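*Asks:* Would you mind keeping the following structure in view while I ask a few things?
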Amino acid sequence: MQHKSKMAGADGDDSLYPIAVLIDELRNEDVQLRLNSIKKLSTIALALGVERTRTELLPFLTDTIYDEDEVLLALAEQLGNFTMLVGGPEYVHCLLPPLESLATVEETVVRDKAVESLRKISQEHSPVDLEVHFEPLVKRLASGDWFTSRTSACGLFSVCYPRVSSTVKAEIRQHFRTLCSDDTPMVRRAAASKLGEFAKVLELDYVKSDIISLFTALASDEQDSVRLLAVEACVSIATLLPQEDLETLVMPTLRQAAEDKSWRVRYMVADKFSELQKAVGPEITKNDLVPAFQNLLKDCEAEVRAAAANKVKEFCENLPEDSRETIIMTHILPCVKELVSDTNQHVKSALASVIMGLSTILGKDNTVEHLLPLFLAQLKDECPEVRLNIISNLDCVNEVIGIRQLSQSLLPAIVELAEDAKWRVRLAIIEYMPLLAGQLGVEFFDEKLNTLCMAWLIDHVYAIREAATCNLMKLVEKFGAEWAQNTIVPKVLGMANDPNYLHRMTTLFCINALSEVCGQDITTKQMLPVVLKMSNDQVANVRFNVAKSLQKIGPVLDSNALQTEVKPVLEKLDTDTDMDVKYFAQEAISGKYTTLSIFFLYEVASLGPRSKWPILYVSERSTMCPAECVSQCER
Amino acid sequence: PPILSRLNPSRWSCGPPAAEGNVQDEESDTRKINNSFLRDHNYATEADIISTVEFNPSGELLATGDKGGRVVVFQREQETKSEPQRRGEYNVYSTFQSHDPEFDYLKSLEIEEKINKIRWLPQQNAAYFLLSTNDKTVKLWKISERDRRPEGYNLKDEDGRIRDPSTITSLRVPVLQNTDLMVEATARRVFSNAHTYHINSISVNSDLQTYISTDDLRVNLWNLEITDQSFNIVDIKPCNMEDLTEVITAAEFHPQQCNTLAYSSSRGSVRLCDMRKQALCDTHCKFFEEPEDPSTRSFFSEIISSISDIKFSHSGRFLMTRDYLTVKVWDLNMETRPVQTYQVHDYLRGKLCSLYENDCIFDKFECVWNGSDSVIMTGSYNNFFRMFDRNTKKDVTLEASRENSKPRAILKPRKVCVGGKRRKDEVTVDSLDFSKKILHSAWHPQENIIAVAASNNLYIFQDKVT
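Chains B and Z are the protein sequences, given in the same order. Each residue of the first sequence is one higher than the one before, starting from 676 at the first, in our numbering. Each residue of the second sequence is one higher than the one before, starting from 57 at the first, in our numbering.
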């Protein structure tokens, strides 16, 4: 490093100038330039050498805490990787002052990043330096006047504790204890959220003597914002303790949390349920958690029910195998049945995202008898999110009950949605088609869903036609070119003779999307002739889309076809009477193709024959999203 | 000091009126007042009218907001040996434009820049933070000091001339030098697009993580660090707006219990909500309302029972409400009637008709507690404001006026004569000036210092130091 800085000096102005600019821009008025300089701080430090970095750059940075958050954030991050630039682990403590001042700013993201960097460089301190430099910093932060510094301290105890002498360890424990009963809820929250992490590095005896009492105190804090964080700590603490101690040390607090007056605490219990379940083991799960979970599923607050509903599958999966089915059938399923007709759509939606997973756990007979009616009910739910959550998880049911059963029971409901009067519902279903196709297999797809996919191509809403085109491409990716040649290509090409010019253009859009996945053979032999023939269409929109399509499929074609077939047609279009057709023909010939023009085209295509729209109008509208534009026009 | 003495008007002396501080005569020259901001009071414009006053939790700072969207922060002068009496003077610390007039193009509505409320956050580091709101948008401001400036450039010399790049042979790292103290105000967060109606209150939660903003029909809960989402926790909007019978007039969080909030309505009731019970607080857990006295019922009953302000006591045990004619103190444990009711200006009861005609009946008077919850203060007309000692039941009327109060002079109690013969020094009801009203006031959180806003003037009075 020393060597390098001399080099920079010796090289003269050429190498110094860019560094000089970077240094000056550390205080430029433009935030972006300052940010840029901070991100290249290592370059500056390298040029200055380790000595000047330590004695000049770091003192300057220590006092630069007035800056914008994004600059401070970048600075906090940089300093975490600065050890080598200040002279290696021997000097790493020089980085503590700037990080200490960053750890006291009001912006949480900056503080957190400073703490993260401090944690990182703590590992680079020798045990002696840790006690001489790092630990005093933690103490200073922990006893700071403002709560911002005390909250930052909470995240640093666990990294120094394992590496210091037993006297210092005792001090650290004392500091942590003090922060757990701090006056401000901010600090108590920070302490509560680090309690689990701190417990992990403590000796088991201290976990039992110190941590448990802190945990109990935080879990009964007057502020629910503190209590709810104790739930998280509960998971780590329970993992650390031997099974026989759980009942006396942890369970009273956990039971209390599951029945807390505040819904936010109960929400947290529901949200962490799987982790809690694993931490306390099968016996306590059977005796305590099952009834607790039932209560959460029936909670009076919808947020809690939704969180619990989200955990239904995981909870059932993790139940001890010997009693799993009985517990689910007698205790959990009755609650789930009630949730299917919950008054709150978030609850139903949360349930719908996991309920299908129960079929693998319960097996075929139970699924058919008990779960299928629930799936069907949810598939017909008035809320689209609920329906979509069901559809996107069909595969797990397929595995359990088989395709036939599935098709008889659930497919009619899916088809119904695919023909829904609301175009947004149809759009959502289309987006699930490739997924469904993958889950159900090609044979089943051809039989039941193919007609549907083709029908969307002539939907009266442009957004649907566009999505249907894209859907075809994804289907071909799944089922292969041969399938495409037999099932969809003939139908797509047939539309080229449709009296409606919009449908004729759909053919072109489909070809654009399909040519690459179908490959050269199909493209040249089947698609190209149709495209070329359409160059004589009487609607200009179709003609310039031909030019565009030719350009699009060009890379798939061989040079012979390009020269003998494509080029003459493009040259003919170049002499078209319509200036837009000309324009796109030229574009295609020169091979230039801007995304802007695609966008412009979507507009024209979606609004009907272009000639009817004044140019001004089209260009004005072009800032809008095409799909929205269509929906407004067609409504 | 004993409570009794605090209400002895002879002990209230007039401190320097801070804004528009002309009363302070010669002394004002020595103070660092930004003259461009403080205009001559004779030419005060609508924009200069103070619309909110608030001390910070330590009382060292005092913020005012005005109709022009400006926030002025005053700082209390530190005591010095040479001039011990200066302790208690509040001087301008920072001035900034918090809100600007806007136009809502969708609704064709002008959005005024007027600052409706200011609330300070507890101090979290060397900087100070406050929330200010107009009708629609809440902003979080940081007020910080800077007394050092980096010096030394590589590409420029001391005079700012660009140096020839070829002459740069060594690198200079900037060095921080002490400079004059600069106070900067920066908008750290803007919380917008969450209110259809006008925001009347903001209140910071004791968890120091969240706050509420309240408009006529809804209460929204925000995280102080998140601007793109807020949770609507109370919504009293009926499906059909024709069924609307009341609006929310003010809301406040309990000072210690982070789950408790209270909101008042235009029908004279207060609802207490427990956020622990449910995420949506549409159902209240306590309902404070005094049954109406049928004997005093009149056309104006409903209007004058509307609550214009609510304040929890510092202890968290009591709740104070201000309606047009009275201030009431409620014990949170008793919903049926207030524990104390104080008449603010009962002599106006006979003049309600004319007060209705000049719209004064819709004035929204605020009310405040002193630091120990033993005295309450609220405003009236004719630049009078009232204090009530809850223990001794004594009350006093004082006047904030330029003419009657010289700096450091002791305030004389004022009296409104009610019927009978007018005694010397008394004012008749008919001579009251209803255009001069004390709507906004604040009490130092620990000491006996009060700030009273009268139109474009801010008066600061303090308990006389003996």
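C-beta atoms are modelled at their ideal positions from N, C-alpha and C, and glycine is treated no differently. All values reported here derive from a predicted model rather than from experimental measurement.
(1) Judging by CA-CA distance, which residue of 731/B, 1037/B, 1011/B and 1039/B is the nearest neighbour of residue 1028/B?
(2) With 9 Å as the threshold, decide whether the Cβ of residue 1126/B is near any Cβ in chain Z.
(3) Restricting to Cα atoms, I'd like to know which of 1048/B, 836/B, 1122/B and 1092/B is closest to residue 1078/B.
(4) Does any CB atom of chain Z fall closer than 9 Å to the CB of residue 780/B?
(5) Does any CB atom of chain C fall closer than 9 Å to the CB of residue 333/Z?
(6) Under 9 Å, Cβ to Cβ, is there at least one residue of chain B near residue 217/Z?
(7) Could you give the first and the last residue of the continuous beta strand (DSSP E) run that contains residue 197/Z?
(8) Buried or exposed, going by whether 16 or more other CB atoms sit within 10 Å of the CB of residue 210/Z?
(9) How far does the beta strand (DSSP E) with residue 367/Z in it reach, from first residue to last?
(10) Give the straight-line distance between the Cα atoms of residue 278/Z and residue 483/Z, rounded to the nearest whole angstrom.
(11) Determine, for residue 198/Z, whether the minimum Cβ-Cβ distance to residues of chain B falls below 9 Å.
(12) Taking the beta strand (DSSP E) that residue 185/Z falls in, what are its first and last residues?
(13) Find the residues of chain B that neighbour residue 265/Z, judging by a C-beta separation of less than 7 Å, and give them in chain order.
(14) Please report the residue range of the alpha helix (DSSP H) in which residue 869/B lies.
(15) Considering only their Cβ atoms, is the gap separating residue 1163/B from residue 1220/B smaller than 9 Å?
(16) Under the three-state reduction of DSSP, which class applies to residue 953/B: helix, strand or coil?
(17) Using only the alpha-carbon positions, how far apart do residue 989/B and residue 863/B sit?
(18) To which residues of the same chain is residue 660/B closer than 8 Å at the C-beta, ignoring the five residues directly before and after it?
(19) Give me the subset of the region 859-871 of chain B whose CB atoms are less than 9 Å from a CB atom of chain Z, sorted by chain position.
(20) Where does residue 390/Z sit, in a helix, a strand or coil, going by DSSP?
(21) Look at residue 907/B and residue 871/B and say whether their C-beta atoms are less than 9 Å apart.
(22) Around the C-beta of residue 1282/B, are 16 or more other C-beta atoms found within 10 angstroms, so that it is buried, or is it exposed?
(23) Given this structure, state the Cα-to-Cα distance separating residue 1127/B from residue 996/B, to the nearest angstrom.
(24) If we count Cβ pairs, one from each stretch, closer than 8 Å, do we get three or more for the region 263-281 of chain Z versus the region 873-882 of chain B?
(25) Please identify the residue among 153/Z, 231/Z, 166/Z and 233/Z whose C-alpha is closest to the C-alpha of residue 196/Z.
(26) Assuming residue 723/B contacts residue 229/Z (C-beta within less than 8 Å), just tell me the rounded distance between them.
(27) Looking at C-alpha atoms only, which residue of 1228/B, 882/B, 734/B and 831/B is the closest neighbour of residue 924/B?
(28) Contact criterion: CB-CB distance below 9 Å. Does residue 791/B meet it with respect to chain Z?
(29) Which whole-angstrom value describes the C-beta separation of residue 799/B and residue 837/B, a residue pair presumed to lie in contact below a C-beta threshold of 8 Å?
(30) Could you run through the region 1165-1177 of chain B and flag, in chain order, every residue whose CB is less than 9 Å away from some CB of chain Z?
(31) Of all the residues that make up the region 955-988 of chain B, which are near chain Z by a beta-carbon distance shorter than 8 Å?
(32) How long is the line joining the alpha carbons of residue 1050/B and residue 1227/B, rounded to whole angstroms?
(33) When DSSP labels each residue in this structure, what does residue 443/Z get in the three-state scheme?
(34) Starting from the beta carbon of residue 821/B, find every residue of chain Z whose beta carbon is closer than 8 Å, and list them in chain order.
(35) Closer than 6 Å by C-beta to residue 238/Z: which residues in its own chain qualify, once you throw out the five before and the five after it? Chain order, please.
(36) Going by DSSP, name the residue or residues bridged to residue 384/Z.
*Replies:* In terms of the structure at hand:
(1) 1011/B
(2) no
(3) 1122/B
(4) yes
(5) No chain C is part of this structure, whose protein chains are labelled B and Z.
(6) no
(7) Residue range 194-207 is occupied by the beta strand (DSSP E) that includes residue 197/Z.
(8) buried
(9) 365-368
(10) 47 Å
(11) yes
(12) Per DSSP, residue 185/Z belongs to the beta strand (DSSP E) from 184-189.
(13) 900
(14) 860-876
(15) no
(16) helix
(17) 31 Å
(18) The requested residue 660/B is not part of the displayed model; chain B covers only 676 to 1310.
(19) 859, 860, 861 and 864
(20) coil
(21) yes
(22) With a pLDDT of 33 at residue 1282/B, under the threshold of 50, the modelled position of that residue is not reliable, and the figure given next carries that caveat. Buried: at least 16 other Cβ atoms inside 10 Å.
(23) 43 Å
(24) no
(25) 153/Z
(26) That belief holds up - the Cβ atoms of residue 723/B and residue 229/Z are roughly 7 Å apart, short of 8 Å.
(27) Among 1228/B, 882/B, 734/B and 831/B, the Cα nearest to that of residue 924/B belongs to 882/B.
(28) no
(29) Not really, about 15 Å apart at Cβ, beyond 8 Å.
(30) Residues: none.
(31) 975, 976, 977 and 978
(32) 44 Å
(33) The answer is strand: DSSP assigns residue 443/Z an E or B state.
(34) 179, 180, 181 and 182
(35) 202
(36) 377/Z and 397/Z
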